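Just so you know, we're using the working numbering here: the sequence shown kicks off at 1091 and counts up by one.
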Amino acid sequence: MKESNKKIVSTILKCLSFLPDSIVLSLEYFYKLHRFPNLRNPQRFSEWMQWYKMNYRNEVMFECVDKYAVRNYVKRMGCEKYLNTLYQVCNDAKEIDFDKLPKQFVIKTTDGGNGENVFVCADKNTLDIPSTISKVNSWRHKKMEDVGREWAYSGCADSRIIVEKYLSDPESKDGSIDDYKLLCFNGKFRYLWVDKNRYSNHRRGFWDEKLKFRPEVVSDHPTFEVPPALPANTQEMIEVAEKLAADFPFARIDFYDIEGKIYFGEITFYPWSGYCQYTPDSFDFEMGSYFKNT
């Protein structure tokens, strides 16, 4: 969706904020997927996502979607060794102590999502600090103002800023890091989706729970003509993902793999907010079959 259209839709949905979730989500679903969802008896994964937003309430989700608070959750689940190095956390970008930071680092807002609200500094010597402060502060509270009725974000702590270690893959051709996203239903791994070459020739592919590549499945990016080899530690990722997803009907657990080391990325409960058209359409039903009404 074009940025201008996104703003128009966002404005309209804000004006409809007085309406119940079922109406707003049905309208947004129809606008994006050109059909109305079955919210009483969901069958598709995309329909279950709307049900999830409307009905499932677990306050642990507040902690999991906050990019700083989730670190405590990961530690509590015994997976601390997979966390990236945290340099600083603050309430305002003006509080960032740039003098104490290394040459390279990453700044994020704790309530950001969809890969947005992330600033990558590849060389501090060329950094325009005032401009960076202004940009980062402009991102604060964006997710909490989201109109997609994503309940898990409604209880986020006040939007904060974290500064983390810059991760890079020496084998990357475009500077991106391969992203491994594990879809777990009721604590059981069912699908792996992999993103490669995000900045140049973005490909997104799906594997099933037996790690068999699904060449016929396409979401919002082209899939791989030839599937890449999965990391040697993929099984370890699965074990960690199932630990972190154990308490939820559905959770997507994201990791990076750099030179054989696993790094935790984030926990997401509503990928695409549920508004994704799959090819073949039957894949939407296939994924939905794993979702249990909790």
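Just so it is clear, CB atoms sit at the ideal spot from N, CA and C, and this is done for glycine as well. Just so we're clear, the structure is a prediction, and the values are computed from it rather than from any experiment.
So residue i packs on residue j, CB below 8 Å; how close in whole Å?
{"i": "glutamate 1254", "j": "leucine 1176", "result": "6 Å"}
{"i": "serine 1112", "j": "leucine 1123", "result": "Not a contact, Cβ separation roughly 16 Å."}
{"i": "proline 1305", "j": "arginine 1293", "result": "Contact doesn't hold; Cβ gap of about 12 Å is too wide."}
{"i": "valine 1208", "j": "isoleucine 1357", "result": "In fact, because the Cβ distance is near 16 Å, the residues do not count as touching under 8 Å."}
{"i": "leucine 1320", "j": "leucine 1334", "result": "Contact doesn't hold; Cβ gap of about 19 Å is too wide."}
{"i": "valine 1150", "j": "phenylalanine 1354", "result": "With a Cβ gap of about 16 Å, valine 1150 and phenylalanine 1354 do not count as contacting."}
{"i": "alanine 1183", "j": "isoleucine 1223", "result": "4 Å"}
Is it right to say residue i is buried, meaning 16 or more other beta carbons lie within 10 angstroms of its own, or is it exposed?
{"i": "proline 1110", "result": "exposed"}
{"i": "proline 1339", "result": "buried"}
{"i": "serine 1363", "result": "buried"}
{"i": "isoleucine 1186", "result": "buried"}
{"i": "alanine 1322", "result": "exposed"}
{"i": "tyrosine 1368", "result": "buried"}
{"i": "cysteine 1246", "result": "buried"}
{"i": "glutamate 1240", "result": "buried"}
{"i": "proline 1370", "result": "exposed"}
{"i": "glycine 1350", "result": "exposed"}
Considering only their Cβ atoms, is the gap separating residue j from residue i smaller than 8 Å?
{"i": "leucine 1115", "j": "glutamine 1140", "result": "yes"}
{"i": "leucine 1272", "j": "arginine 1342", "result": "yes"}
{"i": "isoleucine 1348", "j": "glutamate 1326", "result": "no"}
{"i": "valine 1210", "j": "valine 1196", "result": "yes"}
{"i": "aspartate 1269", "j": "aspartate 1259", "result": "no"}
{"i": "glycine 1202", "j": "lysine 1157", "result": "yes"}
{"i": "tyrosine 1172", "j": "valine 1316", "result": "no"}
{"i": "phenylalanine 1307", "j": "phenylalanine 1296", "result": "Residue 1307 is actually valine in this sequence, not phenylalanine. Against a cut-off of 8 Å, the Cβ pair of phenylalanine 1296 and valine 1307 comes out as a contact."}
Tell me which residues share the same chain as residue i and place their Cβ nearer than 7 Å to its Cβ, disregarding the 5 neighbours each side in the sequence.
{"i": "tyrosine 1380", "result": "Phe1275 and Arg1280"}
{"i": "aspartate 1298", "result": "Tyr1281 and Arg1304"}
{"i": "serine 1262", "result": "none"}
{"i": "alanine 1212", "result": "Gln1194"}
{"i": "leucine 1191", "result": "Tyr1177, Lys1214 and Val1253"}
Below 6 Å CB to CB, which residues in the same chain sit around residue i once its five sequence neighbours on both sides are set aside?
{"i": "glycine 1238", "result": "Ser1363"}
{"i": "arginine 1078", "result": "This structure cannot settle anything about residue 1078, because the visible part of the chain is limited to 1091 through 1384."}
With a CB to CB cut of under 8 Å and the five nearest residues on each side skipped, what residues in its chain are close to residue i?
{"i": "phenylalanine 1188", "result": "Lys1214, Leu1217 and Ile1219"}
{"i": "isoleucine 1102", "result": "none"}
What I want to know is whether the C-beta of residue i ends up closer than 7 Å to one or more non-hydrogen atoms of the ligand MN.
{"i": "isoleucine 1223", "result": "Ligands displayed in this structure: none; no statement on the ligand MN is therefore possible."}
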